[in-house]
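Residue numbers (the numbering used here): 10 to 119.
Structure representation (structure tokens):
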């Protein structure tokens, strides 16, 4: 039987003690729940980006720190973004950011 995850004070930085690992150039990941769906934290270094990709399932992002941008807008701390199945975009973060991200299926890099 799996145990529930609990992160007290998560929105006020309770995640900062968690371990991150390499995800892609300039982006680190902390996997909270692996599989499909997956739940993770992504930490972007200033200037980091993720190339254009296709969402094969729903992706939901909550910006916890800093900000990120895509072709559709600029998303500061507190922004909630939902990218439905079939949508495409690329992501960048000029100042760096940390986001809570959940995806139902891995994306396809285009």
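Glycine residues also receive a C-beta, built at the ideal position from the N, C-alpha and C atoms.
DSSP assignment within the segment 40 to 102 yields the following whole beta strand (DSSP E) runs of 3 residues or more, N-terminal first: 47 to 53, 57 to 63, 68 to 79, 82 to 85, 89 to 92, 97 to 102. Residue 19 sits in a helix when the DSSP states are folded into three classes. Taking C-alpha positions only, residue 53 is separated from residue 35 by approximately 6 Å. The beta carbon of residue 31 sits closer than 7 Å to those of 37, all from its chain and outside the five residues before and after it, given in chain order.
Annotation for residue 68: 92, 112 place their beta carbon closer than 6 Å to its own, counting only its chain and skipping 5 residues before and after. By the beta-carbon neighbour count (other beta carbons within 10 angstroms, threshold 16), residue 13 is exposed. The continuous beta strand (DSSP E) containing residue 30 extends over residues 30 to 33.
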